[in-house]
Every structure is written in C-alpha cells, then in structure tokens.
Ligand SMILES: Cc1cc2nc3c(=O)[nH]c(=O)nc-3n(C[C@H](O)[C@H](O)[C@H](O)COP(=O)(O)OP(=O)(O)OC[C@H]3O[C@@H](n4cnc5c(N)ncnc54)[C@H](O)[C@@H]3O)c2cc1C
Ligand SMILES: C[S@@+](CC[C@H](N)C(=O)[O-])C[C@H]1O[C@@H](n2cnc3c(N)ncnc32)[C@H](O)[C@@H]1O
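Numbering (this note's numbering), first residue to last: 6 to 639.
The structure is reproduced here in structure tokens:
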C-alpha cells in the first residue's frame, strides 16, 4: 500500500496523487465550504441533535472545524453526532502536524471561530483510527459530541449507516484523481442517507459531481467558491424522505426496539460488557452469576488483544479484526486499562506472512520483521496494533454502574418462557452470556468447553527488557509486576480443575522450540510454578454466537429449503426476547465488547455495523439451519 507522506510542507497521498487540503488558508476553506455554505451555524443554534457526515477524515480538518463551530455556537441541550469515513487513516502524528501547520497560517478572524480546535484534536489521540477496517467510537471528552469513525472504503461503509444525516462534508480528493468517490453509486448511498432538507457541500464544481448529486436526490446550486475557486457546489436533499434500506441477511433479526426488563446470565467479559452497554442506553439490568464476576475464563490476569488478518475474506478474520477496532476505542474511551504493545509472531508459515504483507491494506498495522531493528530472531511478522489488558479489572469496572444489579452466587439452572430464570423474573429480555454453560439452558447452542492452562513465570533481569508480546504456538507477554504470562494449552472437554505439571512443561517446551532466546532469558518452570486453569466456550467454526435465539421446531416448520440464498426463515421463528453472546473461544476480550455493541444495536432496533456475511456468520441460527438441512437431505 502507498502511504501518505510529506512533500515539503504539504501532505501528499501517492495512491490518488493528490494533496490534502490543509495548506495555507485550509481552515478558511473549511469554514467557507462546509460550515457557511451549509448554514450549519444557524442549524446548531436551533438546538436538538445534528448529524454530520465527513468524507474523508484525512487530517481531521473538517471534522475538527465542525466540532469547534458546534462548541462555539450550540446551546447546552444541543447534540452533535459526527460520522467520519476514511479508507487510509493517517497516523495521528501526521494528522496533528498537518493541523498545527494549518493553524499557524490561520487568519485571526477564522481562529476566533475555532477556539480550542487543537486541544480537541489532542483528545482524539488515544482512539484515532488505525488502518484496520471497522467502526469505532472516538473519545471526545465531551458528552454532547459523538464521533463514529468508519474505516474502509466509503462505498462499503456508508450503506451501513442506518439513520439519515443532516449534512455531508464531501472532501475526497479531486474528481479526476479519485473518480469513485464522486461517482453515482456512492453519492446515491449518501443521498439515501440524507434527511429531507439536509445538505451536502463540496469545494468542487465539476459537472459530473453536480449531475451525480442531482441523480442522488439533491437540488444543486453553484455558489461562490473559496479563494481562487470561482464556484463550489451546495446541494439540498429534496424529493421523498430518506429511506435507509436494510441489507438482506440470511438469518432474521427481530425488528424494532425490544427491551423491557432485562436479565443477563453470566458475569464474564461477555455479560459485563453487554450489561454496561445496556445500562448506558438507560436500561436497568439484572446480572445473574453462578460464582463471582470474572471467575471463569475472564479471570485470567492478562489477555492479549490483536486483530486477525482475514486472508481470502475469512469470516473469523473479519469478525476478529472489526471487533478489535471497536474494542480498542471502546476500552480507551472508558479509561479501561489498555497497554498498547507490538506483537512478534512466530511459526513456520512464512509464505502466509508474505502473502499477508502483500495483500492486506493494513499499512502501519503490519511490520516486516526483516526491516525492524529490534525484531527478535525467527519472527515472521510484526503487528504494531495490539494490547495486553487485565480482564478481571475490566469486568469489575464495567459492572460499576447505578443501573446494573449483580446477583452473585446465583446460578441460573432453568429457563422458562416468560422469561423466568428459575424463581427469578419474569423478564422481557434475557441475554445468555454464560459461555459453554449456555448449552445447558438452550441445548441447540452447540458450545463446548475447552480447557486452557496458563503459567506465570518470574521475570529475570534478562527477560524484563522484553517489550513485545511473542506469539506463536504459545504466547509470552512482557513482564508486569515481576511476572510473565505464558499461555495457553487447548484441551477440549477436559474437566480437570487442578494445575497439571505436564501442561506447564508442554508450554515451556513449545516456547523453547519457537523462541529459544526468550526461554533462555527465563528460569525453567518447576512443580511450584504458578498458573491458572479456565475453560473457553468454543463453537464449531470458531465464531461466537451473537444474536437472537430461534425455536428449532419453528425454524424446521418454516425454513424454505428450496431457497439456497437469503432469507431462509421468518423472524416469527425466533424466541421473543431470548439472546446470546457466547462461544468467544480464545479471543473473547477482543470479541465480547463488540458482540455487546451488536446485541444492543439490535435490541434498540438499529442495524449492527457489519458486513451482511459477517453478521450472518455469527448468528446463532446458523447451526439450526445447517442441522435442519442435514436432516432433510437425509
Ligand atoms: C487459558 C486462556 C487464555 C486466554 N487468553 C486470551 C487472550 O489472550 N486474549 C483473548 O482475547 N482471549 C483469551 N482467552 C479467551 C477469553 O478468556 C474468553 O473468550 C472470555 O473470557 C470469555 O468470556 P465469557 O464472558 O464468554 O465467559 P467467562 O469469562 O467464562 O464467563 C462466563 C461466566 O458465566 C458464569 N456462569 C456459567 N453458568 C452460569 C449459570 N448457569 N448461571 C449464572 N452464571 C453462570 C460463570 O461462572 C462465568 O463467570 C483465553 C482463554 C483461556 C481459557
Ligand atoms: C482531500 S483528503 C481529505 C481532507 C480531509 N477532509 C482533511 O481535513 O484533511 C481526502 C480523504 O478521503 C479519503 N478517501 C478517498 N476516497 C475514499 C473512499 N472511497 N472511502 C473512504 N475514504 C476515502 C482519502 O484517503 C483522504 O484521506
């Protein structure tokens, strides 16, 4: 991938062979084209919620301009929701440097309209998007302002918006350098997601852009451009009210808002994150936990979080990477501990690593170890965007909310429609987040326990300098509190709760074989070596179950077996109010917070921000449909 770089004082994108609009007078242009031509000051001053689209994010000039003008003129009850789209996010430091330069040449009268702009930019540093595809919500430090960042091609991501916006800032390089950005398909998607009377403005006056905007439902005017540009375009959405068409999915999701009284079963990361999202959406949530919070797999001292390359479009890779993108900003926005680190990956799949580097548009997220000075010997690939986090601390911070009531030592042993959890209830909505044990309540959920043992090794003077996580057949985390974590074994349906010396030995031998230098820096474990045993919940195909739970008999009765494509059976075959987030396997700290986002969006009647194939791939009904088909096919 070609990375944007500086040519003198200008930032250049080699892929589009064009410069970012952040030269002298950049803020003056942004105010003229994206604020004044759209009369945003007047709209902000009226109060209420204004939703603005920003395509593309680039240096953040337009995003920060809109936010700063809002902060200056909007009354206290006003809200701003910004949706920013970007295919190739710049590193934060480059975007920040570009804005700084632009600010230094900004005229005093423009500066006075943008007070605090650079400070706002600095608040975005910890959640600034990386080049991984996905959606995330940035930390604004301002409860009145939400910024949703969509990374990936806007042609793919704009159609996932499920609410019309009031204004679009269209700034995607020149139409000759980037024709796809200005062509009818994307502008049609934008038109379909613009409220009646909403606007779209752009610095260009090109005829083909004007025609495409008109075809997308805008009444378009040429108005005076900025500086030396004679004209620019300003469109007002006319015609019918915006209809945001949903995507066709293979398996159904209930329509509309469905909440009422809510119970969550299980207080690991899956239960804690969904309870927290619901509490923040204004719901009171009862969490039932058989033991104490984070006593299962989410009780490990540290977990490694990393995206997963999805070569060949694998749904596991797509889910995990999108989940990583969401969870990274979600955790940082909440101030959950997040220790960013880089990962050196080991293994014998060098071809695989080479293909990854060649094929993935991940930019700075991947490193070639041969080019890195401190790369450990034998590493085949580096990931720059990863983290280690303490799951137990996450769970307890997430549960600390006025609207969450935790019932500890309260196992749910029966689930009856209504919904009664044993003698507790009734509840309108029940979310099963009790990992593999969900199968005891809903037998159709094909979940298995997989035992995992970790070893905790004392750090030495030689090992304490290890800054990267080493990841291969086993993983070794950098020292924290004088200890390294070495994980993990993987044994299906193995109920042994006690630490096994042979498992610790296996972990050590795997480390010695893959990274002898790292093992050499540590003392070998012995019979007194500490560790922890817990169980992952694993599904066939390694994707979690995230979504509504069906009634298998109703599915069997209504499944149209002739239709090999979508849709296959109606939403009436779902069990009203019954949901699941389980089967997060070996990546639950990455996946469960995103699963919570998906579930809460669905419960609030919004479309979760995922490609249809990935949403289908995590839908619990995939196993029911496969089973019904197998039975029919004999
Ligand atoms: C050894 C090991 C290492 C791992 N390392 C990583 C890693 O580095 N990175 C990563 O992302 N993931 C890792 N994972 C996976 C991750 O820990 C799990 O995917 C995640 O913790 C699962 O969260 P959960 O909430 O679904 O399940 P759990 O954390 O197991 O929580 C389920 C909860 O439900 C409760 N419960 C069960 N039955 C009932 C019932 N009937 N009624 C009420 N409550 C009930 C349990 O007591 C438990 O507290 C690892 C897993 C293991 C085993
Ligand atoms: C002119 S620059 C943006 C300027 C930006 N508003 C700023 O303030 O710096 C155009 C941006 O749009 C992005 N872009 C172009 N085509 C895109 C597409 N199809 N999807 C998403 N982003 C795109 C580019 O990567 C680039 O960052």
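Each residue gets a CB set at the ideal place from its N, CA and C atoms; glycine is no exception.
Residue i: which of the options sits nearest, CA to CA?
i           : options               : result
residue 221 : 30, 580, 204 and 339  : 204
residue 131 : 336, 625, 475 and 350 : 336
residue 445 : 469, 455, 420 and 389 : 420
residue 307 : 86, 633, 184 and 591  : 591
residue 594 : 108, 428, 342 and 243 : 342
residue 480 : 599, 348 and 541      : 348
residue 231 : 42, 513 and 89        : 42
residue 410 : 451, 428 and 269      : 269
residue 493 : 484, 486, 602 and 509 : 509
residue 129 : 151, 456 and 516      : 151
residue 633 : 596, 599 and 560      : 560
residue 408 : 209, 292 and 388      : 292
residue 429 : 415, 440 and 179      : 415
residue 346 : 310, 320, 339 and 319 : 310
residue 194 : 219, 182 and 183      : 219
residue 180 : 102, 200 and 188      : 188
residue 92  : 156, 470 and 461      : 156
Between which two residues does the alpha helix (DSSP H) containing residue i stretch?
i           : result
residue 186 : Neither: residue 186 is in no alpha helix (DSSP H) and is coded neither H nor E.
residue 219 : 212-220
residue 46  : 45-50
residue 458 : Where residue 458 is concerned, there is no enclosing alpha helix (DSSP H), although the beta strand (DSSP E) it sits in stretches over 453-463.
residue 328 : 320-339
residue 479 : Counting along the chain, residue 479 falls outside any alpha helix (DSSP H), and DSSP gives it neither H nor E.
What do you get for residue i, buried or exposed, if any count of 16 or more other CB atoms within 10 angstroms of its CB means buried?
i           : result
residue 18  : buried
residue 506 : exposed
residue 50  : exposed
residue 98  : exposed
residue 198 : buried
residue 11  : exposed
residue 629 : buried
residue 333 : buried
residue 47  : exposed
residue 116 : exposed
residue 297 : exposed
residue 418 : exposed
residue 190 : exposed
residue 255 : buried
residue 392 : buried
residue 226 : exposed
residue 283 : buried
residue 209 : buried
residue 442 : buried
Following the continuous beta strand (DSSP E) through residue i, name the residue where it begins and the one where it ends.
i           : result
residue 677 : Beyond the ends of the chain as shown, which are 6 and 639, falls residue 677; an answer cannot be given.
residue 111 : Careful: residue 111 lies outside any beta strand (DSSP E) and carries neither H nor E.
residue 580 : 579-587
residue 226 : 223-229
residue 238 : 236-242
residue 411 : 409-412
Beta-carbon within less than 8 Å of residue i's beta-carbon, same chain only, minus the 5 sequence neighbours each way: which residues are those?
i           : result
residue 70  : 32, 35, 36, 39, 40, 119 and 122
residue 229 : 235, 236 and 237
residue 105 : 123
residue 529 : 513
Go through its chain and collect everything with a Cβ distance to residue i's Cβ below 6 Å, but skip five positions before and after it.
i           : result
residue 111 : 32
residue 52  : 80, 82 and 83
residue 312 : 137, 326 and 329
residue 100 : 64 and 65
residue 475 : 349, 481, 520 and 523
residue 397 : 299 and 304
residue 467 : 526
residue 178 : 21 and 23
Leaving out the 5 sequence neighbours to the left and right, which residues in its chain are closer than 7 Å to residue i when beta-carbon positions are compared?
i           : result
residue 575 : 257 and 563
residue 485 : 307
residue 13  : none
*Does the stretch 285-301 come close enough to the stretch 581-599 to have 3 or more Cβ pairs within less than 8 Å?*
no
*Give a yes or no on contact between the stretch 271-282 and the stretch 436-456, applying the rule of three or more CB pairs nearer than 8 Å.*
yes
_Under 8 Å: do the stretch 519-533 and the stretch 494-503 share three or more Cβ pairs, one atom per stretch?_
no
_Taking contact to mean 3 or more Cβ pairs, one atom from each stretch, closer than 8 Å, check whether the stretch 543-554 and the stretch 390-403 are in contact._
no
_Across the stretch 257-267 and the stretch 605-613, are there enough close Cβ pairs to call them in contact, namely three or more that are closer than 8 Å?_
yes
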